[in-house]
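Undergrad:
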Amino acid sequence: MSAQSEGNYAEALQNYYEAMRLEIDPYDRSYILYNIGLIHTSNGEHTKALI
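For the sequence shown, position 40 (counting from the first letter as 1) is numbered 41 according to our numbering, and the numbering increases by one without interruption.
1) Can you tell me the Cα-Cα spacing of isoleucine 25 and serine 31, whole angstroms?
2) In whole angstroms, give me the CA-to-CA distance for isoleucine 37 and glutamine 15.
3) What number of angstroms, rounded off, separates the C-alpha of alanine 20 from the C-alpha of isoleucine 33?
4) Excluding the 5 residues preceding and the 5 following alanine 13 in the sequence, name in chain order all residues of the same chain whose CB lies nearer than 7 Å to its CB.
5) Hey, quick one: how far does the alpha helix (DSSP H) through glycine 1 stretch, first residue to last?
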């Protein structure tokens, strides 16, 4: 989450998508998806945030 807090959203998205590939726990996956949505919303990509 360091990349996200530093405003490096491209790197943060890469990290979150990699985490989604590896994570199997549904609770943890929901947290990852939430953060992906936050990044897309911050970038003004509201439709992507919902997908």
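Backbone N, C-alpha and C define an ideal beta-carbon position, used for all residues, glycine too.
TA: Reading it off the structure:
1) 10 Å
2) 10 Å
3) 7 Å
4) Ala4, Gln5, Ile40
5) The chain is shown from 2 up to 52; residue 1 falls before or after that span and cannot be answered.
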